[in-house]
Each structure stands twice: as structure tokens, then as C-alpha cells.
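J.:
In mature numbering (1 follows the signal peptide of the UniProt record, and there is no 0), the protein residues as written are -21 to -1, 1 to 400.
(1) Which of the three DSSP states, helix, strand or coil, is assigned to residue 255?
(2) Reducing DSSP to helix, strand and coil, say where residue 380 ends up.
(3) Starting from residue 147 and walking both ways along the beta strand (DSSP E), at which residues does that stretch end?
(4) Could you say which of 237, 259 and 160 lies nearest to residue 222 if we only look at CA atoms?
(5) Using three-state DSSP, classify residue 91 as helix, strand or coil.
(6) Whole angstroms are fine: how far does the CA of residue 372 sit from the CA of residue 385?
(7) Could you tell me the boundaries of the beta strand (DSSP E) in which residue 200 lies?
(8) Out of curiosity, what's the CA-to-CA distance linking residue 212 and residue 184?
(9) Report yes if the CB atom of residue 401 is closer than 8 Å to the CB atom of residue 153, and no otherwise.
(10) Determine the closest residue to residue 346 out of 266, 362, 396 and 91, with distance taken between C-alpha atoms.
(11) Answer with buried or exposed for residue 156, where buried requires no fewer than 16 other C-beta atoms within 10 angstroms of its C-beta.
(12) Leaving out the 5 sequence neighbours to the left and right, which residues in its chain are closer than 8 Å to residue 126 when beta-carbon positions are compared?
(13) Around the Cβ of residue 297, are there at least 16 other Cβ atoms within 10 angstroms (buried) or fewer (exposed)?
(14) Taking one C-beta from the region 132 to 144 and one from the region 172 to 182 each time, how about it: are there three or more such pairs within less than 8 Å?
(15) Just checking, does the region 255 to 269 make contact with the region 215 to 233 on the three C-beta pairs under 8 Å criterion?
(16) Keeping to the same chain, check which residues put their C-beta closer than 6 Å to that of residue 204; ignore five residues upstream and five downstream.
(17) In chain order, what residues of the same chain lie with their CB nearer than 6 Å to the CB of residue 399, ignoring the 5 residues before and after it?
(18) Per DSSP, residue 316 is paired with what?
(19) For residue 34, which beta-bridge partners are listed by DSSP?
(20) Run through DSSP, which three-state label would residue 169 get?
(21) Where residue 80 and residue 266 are concerned, what is the direct C-alpha to C-alpha distance, given to the nearest angstrom?
(22) Under the assumption that residue 337 contacts residue 329 (Cβ atoms under 8 Å), give the Cβ distance between them as a whole number of angstroms.
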């Protein structure tokens, strides 16, 4: 008999909580709309507002994502639309000219984008200019049978590593977003390719920016110090003339074939690849490598793969897929391997060098309305209720402007032991 009053007392608390949650979400929505309506020059930092840290619902997160992406696109076009129209992108005192051509009819889900890197390197600017001119139409015949934007940029410098210098990643981050905004490119259909020195760049950029590409193809390049470990979840084609012995390019291609074969055997379906050494051919493969384009076109990016392996390049990245490491904790060559298991609503850290690891989450990955288990090597560290927030959404969208890489919640793991929201 004594239990009955307690049950009736509990009910109003539940309903009050629901009402308060809806009221807070409404306030957050109104606050965001007001902030977005404010001119950029008069805006305060979003994370300085009370609404930024308030919990939001799954539905609110979805709505706010659209609002923030639209605002990000507006800002991007305000700053770079004229540069896109003039085909010269400027950043940090450098200029990247580019050419593009549209092929085929646009599919309902948006166009493909092929970024094609020219050869050359540490030589006269005129020589690199000629390589750029050559790259513009190198694969026209192949592209006639495909759909998409074929975009050939001209490297901002004339150095040996012209396609994997520090600034290249930032240029491509902007270029991809502009193509999405102005040419209806699908962010899950962006492909990277390059020949000779451009192939050098693909070896480097494919793993270190793997979360932006649907597939990549390296032609006639050299990997230098880079590793294929970061190619997990990124289909990778490698084309090399079997007689292309300069700098041991052909031997390096054979080594990478063995490495990729081994990685795929140990993790089936994770390291999809096609490695072809073209017999009787040297550095010029007579366009036999063009078969890489339709091969790449068969893949779409998954921005939230269930398993991620991140090997930090000497060009540091703050975020990779749904993982983050604070700048002060990044180590060149450091490796992180993490998986999430939807059926268990769990994130499991397999290996991690960093003293602080950020797990970026959204509702497509796990049920964020239920407790989420955070584990290290199979041992549960904590089961927590994560909170979606406007602040976290804004951070992820500001970083890459990518709808597939928008995350409403973050969990921090310190020293592989302590879990914090």
C-alpha cells in the first residue's frame, strides 16, 4: 500500500523532465537562429553562449546540423566564390590555379569529383606549368564514359614534394567544399589520383586524408616514408610501369602490393586494392593506368566506418574520421586503432598512443539516448549517457564542412583509463 503514493509522486517528475527537455531544445533553436541571423563581424563565439553546452535531442541535432552546414557554406562562398570563378584559389600567401571540366549527366545523389595531380617537381616553373597543361586533358577519353567533375589543380610551389607539402591539405579541404557547394558534388564521391610527382602526392595524401576520399589511385609515383596503414576503409589502386626503375619506383610498388595483400588478408574487406605493374612499360604507361578511373567510380565513401586505424603523418591532423587528438598530444608516427560496435552500443579502443583521445559520435553510429560503453582492449572503462551539444556540432562542421563528418557528441578518454564527457 505504501508503494502507490511513491509511484504517483514519480510520474510528475518524469513528465516535468520531458517538458523541460523540449523547452531547452526550443530555447537552443531560437538562440541558434538569432546567432545565425547576426552578421559575421558582430557575432560572439558560439561556444561562449549558454545554449552551446545545453543538451539537445536527436531531432534537434539533425536540424541544427542542416542550419550550421548552410551557414558554413554561405561563409565559404563569401570568401572564395570569386576565386573559384577565376580558377585560382589563394591561401596563406600561396596560389593554386585549377582547371575543371564537367562530364556526363548529374545523378540524383550528386556528382563525382576527380582531383587529378600533375607531375613535375623540383624544376623550373615552366616545366611544372607544362605538366599541369598535360594533366588537364590526360584522361578525357576515359572521362567521356563516366560522370563527374574532372579537376586538375596546379601545385602552389615548384618543389620535389609539391603535392604533399603542409599547405596542400588545407587547399583540398576548401576545394572539396567549394565543389560540393557550386557543382553539386556528393561528398561521398570524391576521388584522388595523380601521375609521377602527382603519384607521390597520392601515396601521402590518400592515407593522411582518407576520411575525405571515396577511393584513390597512384600512378608512377614514389611513397617516400609513408605507410599504407591509414588506407583502411579507402580503396586504393596502384599503377606502375614494370620497368620504371628510377628511384626504385617499381620495387616500391611491389613492396606495397605485398603490404596491401597482407593487410587485406588480416582484415578482409578493409584494405581493398588493385595493384598492377604494367609489363614492358617504363615511366609512361601509355594510358593503361586510365582503367583506375572506372575502378574508383565503383566505390563510395563511408565517413563513419566501424573500425578506424589512424597513423599520424608528419603533417599533423587534429581529426580523422570520428577520432580526434588535441594538438598538444599529437605525435608523428603515433597509431590509434578504434572500433564501435552498434549491437552493443560500445566503443572499443584497440590501441592508442595519445594521452587524450576524443571519440566523436553521432546518431548514425550508436544509440545516443541509451548508455554507451567505452572500453579499452575489451575491458569496459565506463558506461555513460553522452550528451549531444550545439557546441560539438559546430566544432566538427567548422573543421571540414562535411555533412558526413558532423558529430553532436564527444567522449574523452585519458591515458586509456579515465572517461570524461
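Every residue gets a Cβ at the ideal spot worked out from N, C-alpha and C, and that includes glycine.
Small disclaimer: the values here were computed from a predicted structure and weren't measured.
T.: Taking the definition as stated:
(1) Note: residue 255 maps to strand in three-state DSSP.
(2) Coil, per DSSP.
(3) No beta strand (DSSP E) contains residue 147, which is instead part of the alpha helix (DSSP H) from 147 to 162.
(4) Comparing Cα positions, the closest option is 259.
(5) Shown here, residue 91 sits in a strand according to DSSP, grouped into three states.
(6) Per the coordinates, the alpha-carbon of residue 385 lies some 6 Å from the alpha-carbon of residue 372.
(7) Looking at the DSSP string, residue 200 is not in any beta strand (DSSP E), and its letter there is neither H nor E.
(8) The C-alpha of residue 184 is placed about 14 Å away from the C-alpha of residue 212.
(9) This structure cannot settle anything about residue 401, because the visible part of the chain is limited to -21 through 400.
(10) The candidate whose alpha carbon is nearest that of residue 346 is 362.
(11) It is buried - the Cβ of residue 156 has at least 16 other Cβ atoms within 10 Å.
(12) Contacts found: 82, 83, 84, 85, 86, 90 and 91.
(13) So residue 297 ends up on the exposed side.
(14) Touching, per the Cβ criterion.
(15) The region 255 to 269 is in contact with the region 215 to 233.
(16) So no residue of the chain qualifies.
(17) The answer, listed in chain order, is 391.
(18) Partner(s): 288 and 330.
(19) Residue 34 is bridged to 368.
(20) Strand at residue 169.
(21) In this structure, the CA atom of residue 80 is about 19 Å from the CA atom of residue 266.
(22) The Cβ separation is near 16 Å, so there is no contact.
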